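Peer 1: Below are the structure tokens for one structure; questions will follow.
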Amino acid sequence: MVLEDEEDNHHQQPNEIEASQSVPTLLTELIVEILSRLPVDSLLRSTETYGEVLQPIYDEGNDYGDLSLGSFRERLCVLSNYHGVRADLWIMKEYGVEDSWTKLVSIPYLTDLRADRFSVPLCISNDGKVLLEIGRKLIVYDSKNNSFSQIQKFGKCVQVSTFVESLVSPMPTTGIR
Numbered sequence: 001m002v003l004e005d006e007e008d009n010h011h012q013q014p015n016e017i018e019a020s021q022s023v024p025t026l027l028t029e030l031i032v033e034i035l036s037r038l039p040v041d042s043l044l045r046s047t048e049t050y051g052e053v054l055q056p057i058y059d060e061g062n063d064y065g066d067l068s069l070g071s072f073r074e075r076l077c078v079l080s081n082y083h084g085v086r087a088d089l090w091i092m093k094e095y096g097v098e099d100s101w102t103k104l105v106s107i108p109y110l111t112d113l114r115a116d117r118f119s120v121p122l123c124i125s126n127d128g129k130v131l132l133e134i135g136r137k138l139i140v141y142d143s144k145n146n147s148f149s150q151i152q153k154f155g156k157c158v159q160v161s162t163f164v165e166s167l168v169s170p171m172p173t174t175g176i177r
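Counting from 1, one number per residue, gives the positions in the sequence shown under the working numbering.
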């Protein structure tokens, strides 16, 4: 929406439709699901050129079937879920360079968490602790001693969101879980 001055008459005139207002959440989720199964395409706004962002080479057991695209530490990331085994977090250190994909951490699944998949980690501390949202819980995974602990003081987690300074967020808006 853009505000325009016309002599003494101030009014709002829509020049653009905001995506959050024009596309129902369900349709957005469907689009994100479909796009997550396709190659990652990119648009470089400064030069208006398109390209394909090549993905990391995943281990056997994940044939591009369960991937979560996101942003982590201001970099493009992919979480590769190997159901019931582990999830690998990959970060692209240099945008557009296939060889710059680095596996940052592998997070094992534990049966007592009753989780079938992880979301992109919310943060990773300098000492290797990973903050995860699993269901309605906030969990800390300590990669040094391979242990999990639940954050107890917050009760049940209703919704966790990450902030991405961008015109287009790689994270879907799914509402309250």
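Glycine included, C-beta positions come from ideal geometry on N, C-alpha and C.
The model shown is predicted, which means the values in this text are computed figures rather than measured ones.
Identify the residues that DSSP records as bridge partners of residue 137: which are they?
Peer 2: Translated into positions along the sequence shown, residue 137 becomes position 137. Note: residue 137 sits in a beta bridge opposite 134.
Peer 1: Count the CB pairs spanning the segment 117 to 133 and the segment 70 to 85 that are closer than 8 Å, and state whether there are at least three.
Peer 2: yes
Peer 1: Please classify residue 88 as buried or exposed, where buried requires at least 16 other C-beta atoms within 10 Å of its C-beta.
Peer 2: For this step, residue 88 is matched to residue 88 along the sequence shown. When all chains shown are included, residue 88 counts as buried.
Peer 1: Assuming residue 86 contacts residue 58 under a Cβ cut-off of 8 Å, what Cβ separation, rounded to an integer in Å, is found between them?
Peer 2: Within the sequence shown, numbered from 1, the residue matching residue 86 stands at position 86. Within the sequence shown, numbered from 1, the residue matching residue 58 stands at position 58. Going by Cβ atoms, the distance from residue 86 to residue 58 rounds to 12 Å, so no, they are not a contact pair.
Peer 1: Residue 98 and residue 54: beta carbons closer than 7 Å?
Peer 2: The residue labelled residue 98 in the question sits at position 98 within the sequence shown. The residue labelled residue 54 in the question sits at position 54 within the sequence shown. Yes, the Cβ-Cβ distance between residue 98 and residue 54 is below 7 Å.
Peer 1: Please list, in chain order, all residues of the same chain as residue 124 whose beta carbon is under 6 Å from its beta carbon, the five residues on each side excluded.
Peer 2: As a working note, residue 124 is residue 124 in the sequence shown. Closer than 6 Å at Cβ, skipping near neighbours: 130.
Peer 1: Could you work out which residue in 135, 126, 107, 81 is closest to residue 148 when comparing CA atoms only?
Peer 2: By one-based count along the sequence shown, residue 148 stands at place 148. With distances taken between Cα atoms, residue 148 lies closest to 107.
Peer 1: Do you know offhand how far residue 134's Cα is from residue 146's?
Peer 2: Position 134 of the sequence shown, counted from the first residue, corresponds to residue 134. Position 146 of the sequence shown, counted from the first residue, corresponds to residue 146. Using only the alpha carbons, I get a separation of about 17 Å.
Peer 1: In its own chain, which residues sit with a C-beta less than 6 Å from the C-beta of residue 150, not counting the 5 before and 5 after it?
Peer 2: For the purposes of this step, residue 150 is taken as residue 150 along the sequence shown, with counting starting at 1. Excluding sequence neighbours, residue 150 sits near 137, 139.
Peer 1: Who does residue 105 pair with in a DSSP beta bridge?
Peer 2: For the purposes of this step, residue 105 is taken as residue 105 along the sequence shown, with counting starting at 1. The partner list for residue 105 (beta bridge, DSSP) reads 89.
Peer 1: Is residue 142 helix, strand or coil by DSSP?
Peer 2: Position 142 of the sequence shown, counted from the start, is the residue given in the question as residue 142. When DSSP states are grouped into helix, strand and coil, residue 142 belongs to the strand group.
Peer 1: Please go through the same chain and pick out, in chain order, the residues whose beta-carbon is closer than 8 Å to the beta-carbon of residue 128, but skip the five residues on each side of it.
Peer 2: If you number the sequence shown from 1, residue 128 lands on position 128. Excluding residues within five positions, the ones whose Cβ falls inside 8 Å are 105, 142, 143, 144.
Peer 1: Go through its chain and collect everything with a Cβ distance to residue 79's Cβ below 6 Å, but skip five positions before and after it.
Peer 2: Start at 1 with the first residue of the sequence shown, and residue 79 comes out as number 79. Result list for residue 79: 68, 87, 89, 120, in chain order.
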